[in-house]
Amino acid sequence: MLKILENIVKNVASKPYTSKYPFTPYQHFPGTRADVTFDGTKCILCGLCERSCPADCIAVHKEETTIEYLNTQCIRCGYCVRVCPTNAISQNEVYTKPSREKLTVYTLVTNENAPIIKKRKAEAAKKAGEAKKD
Ligand code: SF4
Ligand code: SF4
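Structural data, given as structure tokens:
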């Protein structure tokens, strides 16, 4: 009985544990795993994220040097973030609003350390060198 009275007094004196949503904006807990974003300056187009994604929502296009991400298909599991060797993927605390349309996000990769970009640069330099000789 004493314990119940103690709890009642404590709860009356404390702030409410719930917020007045939707009148006050919802605050996500720190560390919430929501939307995924790709950093094209860090990515090396290795394809690990695509292979590890259980929802099949990442496509790495090496030739086009782009990453295609199906936002509305993503289950926010965070596997891609964990496997990326260059920390090019991050998960923020913002959720995309539900949508009836598929939302696809493209990221252009510009990292000069990406093997395909390196190879293209070397080929272009070689061609330029040959053109000078002629
Ligand atoms: S968070 Fe999970 S489902 Fe979403 S893109 Fe990454 S691996 Fe795929
Ligand atoms: S985002 Fe990371 S895991 Fe995915 S292709 Fe780029 S470097 Fe590889």
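Residue 2 in UniProt numbering is what sits at position 2 of the sequence shown, and the numbering runs on without skipping anything. Glycine included, every Cβ here is placed at the ideal spot set by N, Cα and C.
Report the three-state DSSP secondary structure of residue i (helix, strand or coil).
i	result
Gln27	coil
Leu2	helix
Glu64	coil
Ala114	coil
Ala83	Before going further, note that residue 83 is Val rather than Ala in the sequence given. Val83 falls in the helix class under three-state DSSP.
Val12	helix
Leu48	helix
Thr18	coil
Do residue i and residue j have their C-beta atoms within less than 8 Å of each other?
i	j	result
Ala59	Cys74	no
Cys80	Cys46	no
Thr66	Tyr106	yes
Thr104	Glu68	yes
Arg76	Ala114	no
Thr18	Asn111	no
Val109	Cys53	no
residue 183	Thr24	With the chain running from 1 to 134 in the structure shown, residue 183 is simply not present.
Lys102	Leu70	yes
Is the closest heavy atom of ligand 1 to the C-beta of residue i under 7 Å?
i	result
Tyr95	no
Pro54	yes
Residue i: beta carbon under 7 Å from a heavy atom of ligand 2?
i	result
Ala59	no
Ala88	yes
Cys74	no
Gly47	yes
Val81	no
Flag this pair as touching only if the segment 123-130 and the segment 78-93 have three or more C-beta atom pairs under 8 Å; answer yes or no.
no
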